[in-house]
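Following: one structure in structure tokens, then a few remarks.
There are 2 protein chains.
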Amino acid sequence: MSTDMASERLAVLSRQLCAGMASSPSTLTVPTSDMRLFLTHDNRELRDRVLDFLKDPIFRPDHYQSLLDFREQTLQRLKKVVGQKFFSVRDYVDNPRKFIASLESLMWADYSLAIKSGVHFTLCGGTIARLGTKYHHDKYLPSIDDLSTPGSYCMTELGHGSNVMGIETTAVYDKAAQCFIINTPNDEASKYWIGGTGQHGKVCVVFAQLTINGTWQGPHVFVVRIRDDSGAIMPGVRIQDQGPKMGLNGVDNGRVWFDNIRVPREDMLDAFSSVSPDGTYTSRINSVSARFGAVVSGLTTGRVLIAAGGVDGAKLALAVAIRYSVQRPQFGDKVIMEYVTQQNRLLPALAQTYAYHLAMGHLKSLMMDKKPADAKAIHILSSGLKAAATWSRVQVMQDCRECCGGMGFLAANKIGPMMNDMNVDVTFEGDNTVMMQQVTRALLDDGKTRLVPSTPTPGTLAAGGCGCAKTIAALLAYREATQLAQVADQMSQAAASAPGTAAAKAAARSQAFERNLDLVLEVGRANIERFCYENFVAETERAPAALKPSLELLANLYGIKCLQKGAAFYLGMGAMDRADVAALRTAAQAHYAMLCAGGLRSPAVALVDAFGIPDHLLQAPIAFDWRKI
Amino acid sequence: MSTDMASERLAVLSRQLCAGMASSPSTLTVPTSDMRLFLTHDNRELRDRVLDFLKDPIFRPDHYQSLLDFREQTLQRLKKVVGQKFFSVRDYVDNPRKFIASLESLMWADYSLAIKSGVHFTLCGGTIARLGTKYHHDKYLPSIDDLSTPGSYCMTELGHGSNVMGIETTAVYDKAAQCFIINTPNDEASKYWIGGTGQHGKVCVVFAQLTINGTWQGPHVFVVRIRDDSGAIMPGVRIQDQGPKMGLNGVDNGRVWFDNIRVPREDMLDAFSSVSPDGTYTSRINSVSARFGAVVSGLTTGRVLIAAGGVDGAKLALAVAIRYSVQRPQFGDKVIMEYVTQQNRLLPALAQTYAYHLAMGHLKSLMMDKKPADAKAIHILSSGLKAAATWSRVQVMQDCRECCGGMGFLAANKIGPMMNDMNVDVTFEGDNTVMMQQVTRALLDDGKTRLVPSTPTPGTLAAGGCGCAKTIAALLAYREATQLAQVADQMSQAAASAPGTAAAKAAARSQAFERNLDLVLEVGRANIERFCYENFVAETERAPAALKPSLELLANLYGIKCLQKGAAFYLGMGAMDRADVAALRTAAQAHYAMLCAGGLRSPAVALVDAFGIPDHLLQAPIAFDWRKI
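In order, the protein sequence lines correspond to chains A and B. Quick note on numbering: the first sequence equals residues 1 to 629 in the UniProt record's numbering. Quick note on numbering: the second sequence equals residues 1 to 629 in the UniProt record's numbering.
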């Protein structure tokens, strides 16, 4: 991460008084609209315009319709959005904050719409904008912007999901005809899961292994027409509609084969590499693997959108569940929000959602700044937050659905169908297990000798440390460093006892990494938790005074929950004792009481209202008056 | 639980040698068909017949259709099943094993079909069979058996889900007309979530507060026609179709209001209580609450079916995910089953599914034996297993879906749509949070002075104890007893410091219980884990010799995973140390290696094949040959 941000966070942490939450007021006031303003990092007016536009009746959910009708409806919705010209695909490069803000704003309306838009504008259009040059921009971007050529992104193959470098589709340059010939050599090399190709896609960017004059140059990207203007499939292209999924059925996924498809020489995207008419290959980047890295680094924007979607899904579910829980009595007058079991599920999730939202804001800033020194931090954060935010979404939405009882199962209350649709997010745009491995790999590659901090003193939390940001941050950093060192040690030991060749040692290190993949994932989680906590504390420091009390409380609750999740680690290492664990529980429950005080006007309600989900997108009747359902 | 069963389990445990798994063979052979036989507790031939019948094309999934078409399809499927006369509603009382086996066998075909059948036969028909007498049996059961009057179960009200005793629907006896007059006094008293009433239901059992001559007698059950033979809604009945849900859309749920519905005196179900023509109320049970207990105790069968469904859902997901994982390579030739992250998600889940399946078998035996001494054990086990098995199903199916990557999201691969449908099971037929409270309440009510075992010695697991059933059982029992004592202590302390009246002390105890509801749920989970482990060990002992090695390994893996989940507790109490935690990880991984050895012919595959899911119900293409999808 950028050095000044990191040092700022450390400075903030060291300024924290460690006298518990003694200075906190006994009641908490959350100025909802100020908080909403604080949470909206950019493009406020644009976001409001998009959200307001989504009042149009075409965006009202219809869960009665058949799959094919839903797909058609999704296309019509996308057309309606496109017609508003809120943004252009050129913003992908020129004004990425605007681009991201526009697409993010669609999430609460319908995830199928958001993903169909994302495939078209981000994956297809964004790839042409970033990997193409003026010729491609002029030729393709206008018809992306007006949706006259719905776009797709042909990367994944049946046999190669996570292993993109291993794709088998071929592109061979035919000098005589001055074109590339693209082929699917076998069924496993068919492009698989390709959003938008099942019914509507007309143009797509195709990843294929390029060979010129018998020399393999690695994966390159070609623009290919798969349907003509009338919608008929092009000769040489074969498409199989992939049919129903467990959700996201507004998106038409397809499987695509290419049989001697001839692509004009000019239609290879050539920002990094190009082929001259006589078949001379030139590239700004020498090695195949570095070139591949440049080609796929554009996936970051997609990952950020998926992570943001995960956070937004959690926001919506929490808004519905908390607003319902503060008004719904059961067994007499006591409302269900007053039960500690309900609080345990909803309130740490609320704190975590704030933590992830603020971390996403930080990630977006790093991406916009485009400092070369931040490249690694962006890689780590975008991979780790994608995994953490979507795994967390699975849990939070399930908890929220359960916290609403049967009401949470009713489609009208929105959490359920949205969960089904979003379930895809943990494995697409980078499988979460692979994403977390990337985090740990990047940390290991750091090369620096790692100093594992000395073991924190047990009893500190019980002695008032639960409210101390410095104590919490130290524990979180200790966990990350210790677990990372455990993985590194396993790898070093394996290398040391392997035969002397470098290859054998590398293989031994790699095997040790894989043998300890459970630990590797732990390190990734620990890294994200530590980062999100530090960032939350720094953001709180920066926030307007009126917002500090509630942000401090949420940051603290988030930290407490991270420590509770890691309790077995800390206890095992002797960094906590039983009294610390008990103190964490007591501290969390004190926060619950504060957050729930006031029922319908409680801080918990104000904090979900600050997410700014308009009523016409919140929709769920139980979020308003459950008696009037 | 029955004393002889409990003492048998203890005897088995004390016979276990504690020399680790040293005696285990280095490879594991699983005779699939013997294992299947062992797992099929009863009605083997009937189960096979039902499963085979489900080959009929009408049971093939169609995810393209609209909601209303799916409902109609579900009704037609139910008619087809009913036409086979596999069982009669009278079996609910006369041959409950046969009744349960028949309904269980529908789960793998379609959960909507299973639930629509369950509502009709178990909730409606079973209630008439159990709470009615000859008059009702003769009048209603034939048309339940031939489905000429689809049945519903009007218990839950909008305002009263978990609190059934608090329902507000009224039944007042009109002596002059010799009938009961049933009314919905307000919108919150409308019957809510009533399966089968949205479109198809014709007859239903209605729970209402009975008043006779001005005296309230508590909830009683009445048989009410809600639609006539032609399907027209009866006068005085108002029904609102509840529309789409996040799944289970083959079932037509409805909301029902009654406006001065006149029910003939004979149509009150009178097995426990009756009203004479002149309005004299008599009951075999004196207190209103005991009477209510008798009325709702029939819910146990429904809960057992839901718990069994949860176990069956996990079985199907594991069969698909494990069969896919052993053949699917990624990054070269290594199949994904060889990654420890994949093993960690699938193999302990496999062990747990065996544990729950065997525990369900024990529960069914207790229910069939009908010994009064077992009533409490049945209450604890049916409540706790319902919650544990369905919560576990959520996790296992999500993990299996993720372990299949994008393939897990495809409807054709079955896990996804089944997850959506089954998501209802954690909150219906008794919300899981409430179910787990019932377990702990029953344990607390035991009255006996509880001896908390002394703290087990840390280091025992690391010194070879991971393979010792006695060590594991002792740790699990220690956790349950300690956490139960913690709750009991909190309640006693609260009572001691409350003012002297009995009511004040009872209120203080109750408040302390609710303040510690997080612990209360932990106790419930600890109880179920301890029971399932002990039972698994006892079942292994009883099993044919050829099955013992694999059952022993699974039981051990289940125990290990329970200890791992409780690690923070054990470490905090000083009952484990860090070396123990490391030893558990090592032991689990040794089991993984054994279970995965042999790839397509590995024990893991044989163990899921032993669930006996026929190919025509497994369906998922990836469970067969993923390349041919």
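Every residue, glycine too, gets a C-beta built ideally from N, C-alpha and C.
query, result
"C-beta neighbour in chain B for A/A22, strict 8 Å", "With a pLDDT of 43 at A/A22, under the threshold of 50, the modelled position of this residue cannot be trusted; read the value that follows with caution. No, no contact with chain B."
"Short-range partners of chain B found in the stretch 57 to 73 of chain A, where Cβ spacing is below 8 Å", "H63, Y64, Q65, S66, L67, L68, D69"
"CB contact below 8 Å: A/E188 versus chain B", "yes"
"Supposed contact pair A/Q398 and residue 634 of chain A - C-beta distance, whole angstroms, cut 8 Å", "Any property of residue 634 of chain A remains undetermined from this structure, which presents chain A solely from 1 to 629."
"Partners in chain A for B/R627, counting only beta-carbon separations shorter than 9 Å", "L158, G159, D187, E188"
"As assigned by DSSP and simplified to three states, the class of A/C154", "strand"
"Minimum C-alpha distance to B/T301 - residue among B/V581, B/L584, B/G118, B/R265", "B/G118"
"B/A411: contacting residues in chain A (beta-carbon distance under 8 Å)", "G243, P244, K245, M246"
"Helix, strand or coil at B/T540 [DSSP, three-state]", "helix"
"Neighbourhood of B/A473 by C-beta distance below 8 Å, restricted to the same chain and skipping five residues each side", "L13, R530, Y533, E534, V537, G559"
"Neighbour flag for residue 649 of chain A against chain B, beta carbons, 8 Å", "An answer regarding residue 649 of chain A cannot be provided, because it is not within the stretch 1 to 629 covered by chain A."
"A/Q242 beta carbon less than 8 Å from that of B/L618", "no"
"Assumed close pair A/I100, A/K364 - CB separation to whole angstroms, cut-off 8 Å", "7 Å"
"Distance CB(B/A587)-CB(B/G467) smaller than 8 Å", "yes"
"Within chain B, partners of A/P417 - CB distance below 7 Å", "M246"
"Whole-angstrom distance between A/L517 and B/R345, CA atom to CA atom", "12 Å"
"Interface flag, B/D518 vs chain A, CB-CB below 8 Å", "yes"
"Backbone secondary structure at A/T501 - three-state DSSP", "coil"
"Counterpart residues of B/N253 in DSSP-defined beta bridges", "B/G195"
"Residue(s) in a DSSP beta bridge with B/M268", "B/F222"
"Residue environment, B/A314, which counts as buried when at least 16 other CB atoms sit within 10 Å", "buried"
"Pair within 8 Å by beta-carbon distance, A/D110 and A/G250", "yes"
"Cβ neighbours of A/E522 in the same chain (closer than 7 Å, five flanking residues each side left out)", "Q483"
"Presumed contact (8 Å Cβ cut-off) between A/Q327 and A/L600, rounded CB distance", "6 Å"
"C-beta contact flag for B/T29 and B/G612 at 8 Å", "no"
"Range covered by the beta strand (DSSP E) that runs through A/V206", "203 to 212"
"Close-in-space but distant-in-sequence residues of the same chain around B/K116 (CB under 6 Å, 5 per side omitted)", "T74, L78, V251"
"6 Å CB neighbourhood of B/F87 in its chain, flanking five on each side removed", "K98, F99, S102"
"Nearest-angstrom Cα separation, counted from A/I306 out to A/K386", "7 Å"
"Sub-8 Å separation of A/E188 and A/L158 beta-carbons", "yes"
"Inter-residue Cα distance where the pair is B/I336 and B/C400", "12 Å"
"C-beta neighbour in chain B for A/Y339, strict 8 Å", "yes"
"Contact residues within the stretch 308 to 335 of chain B, judged by C-beta distance below 7 Å to chain A", "Q330, F331"
"Nearest-angstrom Cβ-Cβ length linking A/L210 and A/G218, presumed shorter than 8 Å", "7 Å"
"Close beta carbons around A/T440, own chain, < 6 Å, minus the five adjacent residues each side", "V520, V523, G524"
"Simplified DSSP assignment, three categories, for B/T170", "strand"
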